[in-house]
Amino acid sequence: MWDFDIGRTLGMMVRTWPFILLRLVVYFSITLAYVLATGVGAGVGFGLGHVFADADGPAGFAVFGGLGGIVVVSVVLYWLREYILYMVKAGHIAVLVELIEGRELPAGKSQIDHARAVVTERFGEANVLFVVDQLVKGAIRVITGLLGGIARFLPIPGLNGLVGFINTVIRLSLTYVDEVLLGYNIRINSRDPFDTARQGVVLYAQNGMVMVKNAVWLALFMWVLALLVFLLMLAPAAAVLYVMPGQLAGWSFVLAIIFAWAIKAALIEPFAIAALMQVYFRVIEGQVPDPEWDQRLAGASSHFRELKEKAVSSFGGRPSAAEGA
Numbered sequence: 001m002w003d004f005d006i007g008r009t010l011g012m013m014v015r016t017w018p019f020i021l022l023r024l025v026v027y028f029s030i031t032l033a034y035v036l037a038t039g040v041g042a043g044v045g046f047g048l049g050h051v052f053a054d055a056d057g058p059a060g061f062a063v064f065g066g067l068g069g070i071v072v073v074s075v076v077l078y079w080l081r082e083y084i085l086y087m088v089k090a091g092h093i094a095v096l097v098e099l100i101e102g103r104e105l106p107a108g109k110s111q112i113d114h115a116r117a118v119v120t121e122r123f124g125e126a127n128v129l130f131v132v133d134q135l136v137k138g139a140i141r142v143i144t145g146l147l148g149g150i151a152r153f154l155p156i157p158g159l160n161g162l163v164g165f166i167n168t169v170i171r172l173s174l175t176y177v178d179e180v181l182l183g184y185n186i187r188i189n190s191r192d193p194f195d196t197a198r199q200g201v202v203l204y205a206q207n208g209m210v211m212v213k214n215a216v217w218l219a220l221f222m223w224v225l226a227l228l229v230f231l232l233m234l235a236p237a238a239a240v241l242y243v244m245p246g247q248l249a250g251w252s253f254v255l256a257i258i259f260a261w262a263i264k265a266a267l268i269e270p271f272a273i274a275a276l277m278q279v280y281f282r283v284i285e286g287q288v289p290d291p292e293w294d295q296r297l298a299g300a301s302s303h304f305r306e307l308k309e310k311a312v313s314s315f316g317g318r319p320s321a322a323e324g325a
């Protein structure tokens with residue numbers, strides 16, 4: 001079974017309600033942007049269809065217009081991803097770390113101000129945090145392969161297809177490991193984010209089977225909840241599209257996915273991150289990074305090698321507080 005405490009994790013969500021509220025505002029604003037962009041794009045397409053097409057043309061133009069609106073919002077979000085990571089996700093992780101460590105949090109809005117101050121002190125500019133995050137993501141991708149995946153535990157002939165599917169599930173379950181390691185960076189008060197991230201990846205790898213087991217459980221919980229939310233969102237998504245021009249009924253499926261994504265990002269993801277951080281902090285207690293794993297990761301991942309290079313170039317190769325802790 002899993003090693004995290006569901007009750008304690010839910011309690012952490014309640015105690016960090018200012019960030020839960022902030023996440024709801026941010027992600028539902030994104031959802032609203034998608035809805036408005038789809039509607040405006042469909043309206044423009046519908047109008048152009050009347051001008052440039054025959055009687056059956058406006059509906060087709062409306063569909064392409066709605067698709068264009070979704071593409072525009074997606075491009076804008078791509079450019080805002082650093083800001084969202086820095087101001088929303090990292091701040092929430094910072095206060096979750098405080099709770100896991102048993103420290104009291106400021107009340108109300110000052111909780112957000114406190115978290116931003118912690119993140120700024122650790123990482124400075126948003127682009128530094130973003131680079132660390134992307135390099136960690138890349139390094140984590142190779143860990144499942146180095147562990148041998150689930151195949152090492154299922155030495156049964158004829159199960160190659162099943163093993164491949166399960167290994168895919170495991171890879172998908174590692175989505176939030178980079179944010180767990182961000183929490184590790186904050187936890188040890190690191191001033192060398194690249195070197196601390198490197199060591200965090202090594203510690204994750206040497207405890208990989210415990211971490212992957214819990215990540216898979218959380219992924220299953222999240223997918224089930226996300227599916228339920230998607231089914232519940234189909235009706236309101238269809239209602240929104242009912243008032244839009246053209247034949248856009250098929251888009252209710254797309255908007256339901258966007259609504260479900262917003263709920264998942266605002267409420268379900270922070271639960272998974274908090275649960276995984278509890279397990280990670282507990283399992284690495286008293287450990288030091290294993291040099292053998294460090295070498296294996298360096299040989300297998302260009303992202304991990306870049307983490308090491310940036311640690312040397314940015315901070316003179318000084319060991320961080322985690323080394324030897």
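All the letters of the sequence shown, read from the start, carry residue numbers 1 to 325 under this note's numbering.
All residues carry an ideal CB built from backbone N, CA and C; glycine is no exception.
For clarity, every value in this text was computed on a predicted model and none was experimentally measured.
Selection Met211, Gly208, Asn127, Leu99 evaluated against Tyr86 yields Asn127 as nearest (Cα-Cα). Rounded to whole angstroms, the Cβ separation of Phe19 and Gly91 is 7 Å, and the two are in contact under 8 Å.
Residue environment analysis places Leu220 among the exposed positions, since fewer than 16 neighbouring C-beta atoms fall within 10 angstroms of its C-beta.
Setting aside the 5 residues that flank it on each side, Tyr184 is surrounded in the same chain by Gly200, each with a C-beta closer than 6 Å to its C-beta; the list follows chain order. If you ignore the 5 residues before and after His303, its C-beta comes within less than 7 Å of the C-beta of Leu135, Gly138, Ala139, all in its own chain and listed in chain order. Its Cα nearest to that of Gly145, the residue Met209 stands out among Ile188, Val40, Met209, Val88.
Between the region 271-291 and the region 9-16, the count of Cβ pairs shorter than 8 Å is three or higher; the stretches touch. Glu98 counts as buried, since at least 16 other C-beta atoms from the protein chains shown sit within 10 angstroms of its C-beta. One thing to note: Met233 has its Cβ no nearer than 8 Å to the Cβ of Lys264.
Residue state for Val224 is assigned as helix, using DSSP reduced to three classes. Counting C-beta pairs with one atom in each stretch, the region 30-48 and the region 304-311 have fewer than three that are closer than 8 Å, which means they do not touch. If you ignore the 5 residues before and after Val26, its C-beta comes within less than 6 Å of the C-beta of Val88, all in its own chain and listed in chain order.
Between Ala311 and Asp192, the CB-CB gap stays under 8 Å.
The distance from the Cβ of Leu96 to that of Met211 is about 17 Å, inconsistent with a contact at the 8 Å cut-off. DSSP places Gly124 in the coil class of the three-state scheme, outside both helix and strand.
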